[in-house]
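Take a look at the structure below.
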Amino acid sequence: MTAAGAAQAAVTVSFTGGDLPLPSGQQLVWDFDGLEASGYTATFSGTAGTGVYDGADGLHSGVAAPPPGTTSQYASVLGGGTLTLTTPEITQLSIYMGSPDDYNSITFYYAGGGSETLTGLQLAGGAFSGDQSVGRRMTYDFGGQKVTSVQFTSSGNSFEFDNIATTSAVPEPATWAMMITGFGMAGAAMRRRRRTAALAYA
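Each residue of the sequence shown is one higher than the one before, counting from 36 in my numbering.
Here you go:
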C-alpha cells in the first residue's frame with residue numbers, strides 16, 4: 036500500500052461473498068450494461084482492447100475472463116491499460132471481482148490532494164484463497180477522507196471487475212427528504228409536548 040499527500044489516509048478493505056446485495060449505504064453507479072449515475076464519468080485508455088466485455092461470451096483466452104458467475108457486461112483492463120472513474124465526493128467504493136493478480140492496481144485520489152494505491156493481494160484484503168471460481172464484493176473505505184477520482188490499472192492481462200458502487204459524501208436526495216421529514220416529525224412532537232405541559236399548568 037502506498038500513500039502520498041493525504042494526511043492519515045488509510046484505505047480499509049472489507050468484503051462480502053458474491054456480488055449482491057450491496058453493502059448498506061452504497062449505490063450502484065456503473066454496471067457496464069449502460070447504467071452510469073449522474074456526476075460520474077469513465078474513460079478507458081492505453082492498450083487496445085481495454086474496455087467492456089460480455090460475460091455471456093465466456094473466456095477470451097489471454098485477454099479477459101468474466102468475474103465468477105457474471106453473464107452480463109464487465110470491465111477488463113489489459114496490461115498497459117487504464118480505466119479512470121471521476122466521481123462526486125465519495126467515502127467508499129466497492130467492486131465485484133474474482134481473485135486479483137499481482138499486477139492489478141487501484142489508485143484513489145483524495146479531494147484534499149494526495150493518493151493511495153493498492154496492488155495485488157492488497158486489493159483482496161484476505162478475501163481470496165486462490166480459488167478462481169469464487170467472486171467477492173470488495174469494499175474500500177477511505178477512513179473519513181473524500182475521493183474524487185479512481186484509476187484501475189494493470190501491467191498484465193488483465194484486471195476484470197463488475198458493478199461499481201459507492202457511498203456518497205453528500206446524502207442522496209431521498210436521504211435528505213427522509214432527514215427533513217424526520218426533523219419535522221421531531222419538531223411537531225416537541226410542540227405537542229410543550230402544549231400538553233402548558234395545559235397541565237393552566
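Ideal placement from N, C-alpha and C gives every residue a C-beta, glycine not left out. Quick caveat: nothing in here was measured; it's all calculated off a predicted structure.
Would you give the residue range spanned by the beta strand (DSSP E) that residue i belongs to?
{"i": "residue 98", "result": "First-last for residue 98: undefined, no H or E at that position."}
{"i": "residue 168", "result": "Taken as a continuous stretch (DSSP letters only), residue 168 belongs to no beta strand (DSSP E), as it is neither H nor E."}
{"i": "residue 111", "result": "108 to 112"}
{"i": "residue 180", "result": "From DSSP, residue 180 is part of no beta strand (DSSP E); its letter is neither H nor E."}
{"i": "residue 63", "result": "62 to 65"}
With DSSP as the reference, label residue i as helix, strand or coil.
{"i": "residue 157", "result": "helix"}
{"i": "residue 54", "result": "coil"}
{"i": "residue 86", "result": "strand"}
{"i": "residue 213", "result": "Its pLDDT being 48, under 50, residue 213 is placed unreliably by the model, and the measurement read from it follows with that caveat. Note: residue 213 maps to helix in three-state DSSP."}
{"i": "residue 77", "result": "strand"}
{"i": "residue 41", "result": "In this predicted model, residue 41 has a pLDDT of only 41, less than 50, meaning its place in the structure is not dependable; the value taken from the coordinates is given anyway. In this structure, residue 41 counts as coil in the three-state DSSP scheme."}
{"i": "residue 92", "result": "helix"}
{"i": "residue 192", "result": "coil"}
{"i": "residue 135", "result": "coil"}
{"i": "residue 122", "result": "strand"}
{"i": "residue 128", "result": "strand"}
{"i": "residue 200", "result": "strand"}
Indicate whether residue i and residue j have their beta-carbon atoms separated by less than 7 Å.
{"i": "residue 191", "j": "residue 114", "result": "yes"}
{"i": "residue 163", "j": "residue 109", "result": "no"}
{"i": "residue 120", "j": "residue 77", "result": "yes"}
With distances taken from CA atoms, which of the options is nearest residue i?
{"i": "residue 106", "options": "92, 175, 133 and 73", "result": "92"}
For this session: Count the CB pairs spanning the region 44 to 51 and the region 78 to 90 that are closer than 8 Å, and state whether there are at least three.
Result: Touching, no.
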